[in-house]
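Step one of this worksheet: look at the structure below.
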Amino acid sequence: MAQGDPPRLFDAATAAQRAPGTKVRIDLIGDSTQTNNAGYGRGFCANVTAAVDCVNMARGGASTKTFREQGLWQESLETKPDYMLIQFGHNDMETPEHLPRQTTMAEYEANLRRFVSEARAAGIKPMLVTPLTRRYFGADGKIHSDLTAYSETMKKVAAQMKVPVIDLQRDSIAYLDRVGEKAGDELAITKKDKDGKTIFDKTHLNWQGSYVFGRIVAIDMGKAVPALQQYVRPQAAILPPAGVKAMQVIRGGPVKIVLVGDSTVNAEGGWGKGFCAIVTTNVTCVNEALNGRSSKSFIDEGAWAKALADKGDYYLIQFGHNDQKKDPARATDPNTTYAANIRRYIRDVRSIGAVPVIVTSLSRRNYKDGVLVQDLTAYVNAAKRVAEEENVTVVDLNTMSVKLLEGMTQAQADEFDASGHPDAKAESKGQTKLDRTHLNAKGQALFGRMVADNLVRTQVELGPDIVGQPEAAVTGK
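Just so you know, my numbering puts the end of the sequence shown at 486, numbered straight through with nothing missing.
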């Protein structure tokens, strides 16, 4: 999973509908440096007036090649904006790894030209935005950019095709050269290495960074297209309460994370124990998950009210295993009652000023003829659909655990099996059976790490609160 925003729900039938009272729609088209959670997108949208329907279509890890291949360009055209701000380059850059998303400079140029031509053919006015610089400072205290060639190619396309250009590469370098490396690092998302040392991300932005560079883009847009100047706020936007809170967290302020769910989250046999073991001392990690509960019974028994009373800052919510049960106290339908319960959890968390995160259910570890049995799909899909509709972060533990387990044999997967879990004893009715639902210490550590490392891909402010280097370095832009 690349750095950036949660997956968004796209409905072609409603994509072109605009926010009431708006006069102009502007789409952001680009990579993670343009997203809301890891780029300047939220800061840009905050610095235009309420007359603008500001739609962020940027996607973490995207290049001029993959934005089209993944269908994102077609989706963007279907939103029918008046203007598009198109920025790519970070992920087009060729590296020794030769990743599939990378392009040659000739391909990059051709892809930009095609974007411009197709936007115009659809009645959309394109603007090109040169890539936000990485914050690579040299010994001279100045930025040494590795994106200059992409910036120059974009400006060449803009000049030849007579497209307005926002030279963010130039202006972001000028800003950082002026404020220096220390102040530049204050705009970054961060994480902890295995020794507890803070590592500054030189590419992505925290809330403050988003508002700094989003303001620059908004001002430059008004200069590049004078007709849009009236839509740029005369004064720089200030951080909303959510942004203030996120900056407190990323700077080391205390934070409380509450885990809610069933036995696969509970400390006795779930990933919750492994998750809580790798947070820093800044974090109070409260595991309220209960064995045998479904999204319904957790509410009905008063456990949800108790969890809300913890007044957490973040709530990680996972249900599904026991929603499949047939008894009326727990059973839910994935598309109706289960979906309604997940939506209630999200809205209740938001009502107390906290941040909800949906975690899809950890896969069971049963194989048939050497193939992993996937029996939670309906509930997983329902959880993801509701989260997308509510614009909530999803940690897709089901997909990640399935991917891991599909590369294993039954014997290898059984190395994660718990022993003596009370839920397993009850369900086996005295028979000796391997517990392929709950986790031993090895499984708790592995899947707890998986949840933590993927949580901070989207809730980037929590990066410094997770101990150790993520299992897979974040390379998505």
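Even glycine gets a Cβ: it sits at the ideal position worked out from N, Cα and C. The structure presented is a predicted model; accordingly, all values stated were derived computationally and were not measured.
Proximity below 8 Å, CB of residue i to CB of residue j
i: L37; j: L94; result: yes
i: A245; j: V57; result: no
i: S304; j: N350; result: yes
i: V403; j: I367; result: yes
i: R51; j: S219; result: yes
i: A454; j: G283; result: yes
i: V401; j: P343; result: no
i: N116; j: K74; result: The residue you asked about is not Asn; residue 116 is Glu in the sequence shown. Contact flag set, yes.
i: A501; j: L196; result: Residue 501 lies beyond the residue range present for the chain, which begins at 10 and ends at 486; the question has no answer from this structure.
i: T289; j: K203; result: no
i: V526; j: D319; result: Nothing can be reported for residue 526: it is not among the residues displayed for the chain, which extend from 10 to 486.
i: M230; j: I175; result: yes
i: V258; j: E127; result: no
i: T212; j: Q178; result: no
i: D426; j: N449; result: yes
i: G39; j: Q96; result: yes
i: P431; j: N300; result: yes
i: R302; j: A312; result: yes
i: E310; j: V269; result: no
i: W280; j: G457; result: yes
i: F209; j: D194; result: yes
Run of the beta strand (DSSP E) containing residue i, from where it starts to where it stops
i: N65; result: 61–65
i: N296; result: 292–296
i: L487; result: One cannot answer for residue 487 here, as it falls past the ends of the chain, which runs 10 to 486.
i: K200; result: 197–201
Collapsed DSSP secondary structure at residue i in the structure displayed
i: G39; result: strand
i: L141; result: coil
i: A130; result: helix
i: F97; result: coil
i: D384; result: coil
i: D91; result: coil
i: P135; result: strand
i: F235; result: Reading off the sequence, residue 235 comes out as Pro, not Phe. DSSP places P235 in helix when its eight states are reduced to three.
i: F209; result: strand
i: I351; result: helix
i: V403; result: strand
i: G261; result: coil
i: E480; result: In this prediction, E480 has a pLDDT of 44, which is less than 50 and means its spatial position is unreliable; nothing more can be read from the coordinates.
i: P365; result: strand
i: G472; result: helix
i: F146; result: strand
i: Y49; result: coil
i: G485; result: Caution is warranted here: a pLDDT of 37 is assigned to G485, below 50, making its placement in the model unreliable, and no coordinate value can be reported.
i: R77; result: helix
i: R34; result: strand
i: L18; result: coil
i: R466; result: helix
i: V269; result: strand
i: I152; result: strand
i: V221; result: helix
i: T441; result: Note that T441 scores 48 on pLDDT, short of 50, meaning its location in the model is unreliable; the coordinates nonetheless yield the value given after this. Reduced to three states, the DSSP call for T441 is coil.
i: P337; result: coil
i: K377; result: strand
i: A427; result: strand
Nearest-angstrom beta carbon gap, residue j and residue i [assumed within contact, 8 Å]
i: R352; j: E399; result: 7 Å
i: T273; j: H153; result: About 48 Å; that fails the 8 Å criterion.
i: N100; j: A60; result: 32 Å between Cβ atoms; not a contact.
i: L381; j: E415; result: 5 Å
i: G69; j: Q12; result: 5 Å
i: T207; j: P473; result: 6 Å
i: V172; j: V125; result: 6 Å
i: L121; j: V166; result: 5 Å
i: T44; j: L141; result: About 11 Å separates the two Cβ atoms, so there is no contact after all.
i: V6; j: Y240; result: Since the first residue shown for the chain is 10 and the last is 486, residue 6 is missing from the structure and cannot be characterised.
i: M102; j: S85; result: 22 Å between Cβ atoms; not a contact.
Run of the alpha helix (DSSP H) containing residue i, from where it starts to where it stops
i: Q421; result: 419–422
i: Y184; result: 177–188
i: Y324; result: Where Y324 is concerned, there is no enclosing alpha helix (DSSP H), although the beta strand (DSSP E) it sits in stretches over 323–327.
i: R27; result: Looking at the DSSP string, R27 is not in any alpha helix (DSSP H), and its letter there is neither H nor E.
i: Y159; result: 157–170
i: W313; result: 312–317
i: D309; result: 304–309
i: F284; result: 281–285
Residue i Cβ short of 7 Å to the ligand GDP heavy atom set
i: S372; result: The model on display carries no ligand, and the ligand GDP is accordingly not part of it.
### Query
On the three-pair Cβ rule with 8 Å, is the segment 77–96 touching the segment 251–265?
Result no; under three Cβ-Cβ pairs closer than 8 Å.
### Query
Counting pairs of Cβ atoms below 8 Å between the segment 367–380 and the segment 321–329, do you hit three or more?
A contact exists between the segment 367–380 and the segment 321–329.
#### Entry: Cβ pair count under 8 Å reaching 3, the segment 134–144 against the segment 104–113
Contact between the segment 134–144 and the segment 104–113 is absent, with fewer than three C-beta pairs closer than 8 Å.
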